[in-house]
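Chemist:
Residue numbers (UniProt numbering): 1 to 260.
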């Protein structure tokens with residue numbers, strides 16, 4: 001590749017299914033940016049080596065999938081406040097001789113969720129995505145509840161519930177699915193708690209885009225935010241770290257319209 005061609009990538013395993021290369025390369029072409037974005041299969045134990053090799057090849061920015069989002073933290077030269085709150089970094093930029101981390105998952109969700117004013121919000125799940133979600137909801141002024149299959153290990157959120165038992169109905173302002181439940185090949189038979197009328201349902205799953213959880217929420221008349229929209233938003237916020245300005249959301253959304 002030409003020396004002037006900047007490289008960007010998404011690291012993970014598995015990774016070939018990722019829509020991120022389609023989103024970013026479409027936006028690079030539309031904005032006449034001399035750059036290329038590729039998927040790179042990276043196992044956890046190879047992360048430091050792959051980051052170093054990628055930088056030497058001209059790599060300037062990286063997105064990470066779980067569990068690399070958490071495992072990259074010891075290898076960062078600096079981290080944003082969102083990274084510190086979420087305990088994870090999904091976006092890296094090579095800057096001043098080191099990798100600087102940010103969490104654009106948090107920024108994407110922050111743009112979608114209205115102020116909470118102390119109202120209750122429920123997060124389904126206890127992994128890295130759930131922790132990032134909790135950081136955002138707390139910053140937006142919600143009383144954060146977390147429902148997990150194994151709640152004893154949860155270290156975030158104001159209130160912890162056991163998911164699997166029937167959750168006592170509450171007037172949730174926001175309910176967020178931060179688990180893989182509902183995605184293709186994952187079991188969907190579950191008792192989904194839903195937001196109160198006028199609330200919001202958010203699902204990080206984007207395959208399929210219209211999950212059973214969101215369909216149930218829509219039938220109740222609440223607003224919904226799907227995982228594909230969050231994926232596009234976090235991609236756009238990655239450009240702030242890489243180029244200093246937010247990426248073209250409409251162009252990026254157009255790149256993945258076939259998944260609508």
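Just so it is clear, CB atoms sit at the ideal spot from N, CA and C, and this is done for glycine as well.
Start and end of the alpha helix (DSSP H) containing residue 27?
Modeler: Residue mapping note: residue 27 aligns to position 27 of the chain shown, counting from 1. Run containing residue 27: 20-30, per the alpha helix (DSSP H) assignment.
Chemist: State the Cα-Cα distance for the pair residue 256 and residue 36, rounded to the nearest angstrom.
Modeler: Along the chain shown, read from residue 1 onward, the residue named residue 256 stands at position 256. Along the chain shown, read from residue 1 onward, the residue named residue 36 stands at position 36. Roughly 17 Å between the two C-alpha positions.
Chemist: Counting only the same chain and skipping the five closest in sequence on each side, list residues whose C-beta sits under 6 Å from that of residue 146.
Modeler: In the chain shown, residue 146 corresponds to position 146, counting from 1. Excluding positions up to five away in sequence, the list reads 123, 154, 157 and 160.
Chemist: Drop a sphere of 10 angstroms on the beta-carbon of residue 80, count the other beta-carbons inside from all chains shown, and report buried for 16 or more, exposed for fewer.
Modeler: Within the chain shown, the letter at position 80 stands for residue 80. When all chains shown are included, residue 80 counts as buried.
Chemist: Just verifying my parser: in three-state terms, what is the DSSP assignment at residue 60?
Modeler: Translated into the one-based positions of the chain shown, residue 60 becomes position 60. Three-state result, residue 60: strand.
Chemist: Can you give the Cα-Cα distance for residue 174 and residue 150, rounded to whole angstroms?
Modeler: The sequence position of residue 174 within the chain shown is 174, counting from 1. The sequence position of residue 150 within the chain shown is 150, counting from 1. So the two alpha carbons sit approximately 22 Å from each other.
Chemist: On a Cα-Cα basis, can you pick out the residue from 130, 72 and 96 that is closest to residue 102?
Modeler: Counting from one through the chain shown, the residue named residue 102 turns up at place 102. Taking only the C-alpha atoms, the option nearest residue 102 is 72.
Chemist: Compute the beta-carbon to beta-carbon distance between residue 70 and residue 88, rounded to the nearest angstrom, for a pair I have assumed lies under 8 Å.
Modeler: In the chain shown, counting from the first residue as 1, residue 70 sits at position 70. In the chain shown, counting from the first residue as 1, residue 88 sits at position 88. Confirmed, Cβ separation roughly 5 Å.
Chemist: Looking at residue 140: is its Cβ nearer than 9 Å to the Cβ of residue 115?
Modeler: Working through the chain shown from its first residue, we reach residue 140 at position 140. Working through the chain shown from its first residue, we reach residue 115 at position 115. A contact, by the Cβ cut-off of 9 Å.
Chemist: Considering just the uninterrupted stretch of the beta strand (DSSP E) at residue 257, what are its terminal residues?
Modeler: The residue given as residue 257 occupies position 257 in the chain shown. From DSSP, residue 257 is part of no beta strand (DSSP E); its letter is neither H nor E.
Chemist: Once DSSP output is grouped into helix, strand and coil, what is the label at residue 154?
Modeler: Walking along the chain shown from the start, residue 154 turns up at place 154. Three-state result, residue 154: coil.
Chemist: Could you tell me whether the Cβ atoms of residue 148 and residue 182 are closer together than 9 Å?
Modeler: The sequence position of residue 148 within the chain shown is 148, counting from 1. The sequence position of residue 182 within the chain shown is 182, counting from 1. Their beta carbons are not under 9 Å apart, which means residue 148 does not touch residue 182 by this criterion.
Chemist: Where does the unbroken beta strand (DSSP E) through residue 146 begin, and where does it stop?
Modeler: By 1-based counting over the chain shown, the position of residue 146 is 146. Run containing residue 146: 143-148, per the beta strand (DSSP E) assignment.
Chemist: Taking one C-beta from the region 89-108 and one from the region 232-245 each time, how about it: are there three or more such pairs within less than 8 Å?
Modeler: Judged by Cβ distances under 8 Å, the region 89-108 makes contact with the region 232-245, as three or more pairs qualify.
Chemist: Relative to the C-alpha of residue 218, which candidate in 74, 228 and 196 has its C-alpha closest?
Modeler: Start at 1 with the first residue of the chain shown, and residue 218 comes out as number 218. Out of 74, 228 and 196, 196 has the C-alpha closest to the C-alpha of residue 218.
Chemist: Out of curiosity, what's the CA-to-CA distance linking residue 209 and residue 105?
Modeler: Indexing the chain shown from 1 puts residue 209 at position 209. Indexing the chain shown from 1 puts residue 105 at position 105. Between residue 209 and residue 105, the C-alpha separation is close to 17 Å.
Chemist: What residues in its chain sit with their C-beta under 7 Å from that of residue 349, if we drop five residues either side in the sequence?
Modeler: The requested residue 349 is not part of the displayed model; the chain covers only 1 to 260.
Chemist: With residue 49 and residue 75 assumed to form a contact (beta carbons below 8 Å), what rounded beta-carbon distance in angstroms separates them?
Modeler: Indexing the chain shown from 1 puts residue 49 at position 49. Indexing the chain shown from 1 puts residue 75 at position 75. Between residue 75 and residue 49 the Cβ distance is about 11 Å, and since that is not below 8 Å, they are no contact.
Chemist: Since residue 62 and residue 9 are thought to touch, with beta carbons under 8 Å apart, how far apart are those beta carbons, to the nearest angstrom?
Modeler: In the chain shown, the residue the question calls residue 62 occupies position 62. In the chain shown, the residue the question calls residue 9 occupies position 9. About 5 Å; that satisfies the 8 Å criterion.
Chemist: When we look at the beta-carbon of residue 17 and count the other beta-carbons within 10 Å, is it buried (16 or more) or exposed?
Modeler: Sequence index remark: in the chain shown, residue 17 carries index 17 (1-based). Counting Cβ neighbours within 10 Å, residue 17 comes out exposed, since fewer than 16 surround it.
Chemist: Buried or exposed for residue 117, going by 16 or more other Cβ atoms inside 10 Å?
Modeler: As a position in the chain shown, residue 117 is number 117, starting the count at 1. Residue 117 comes out exposed.
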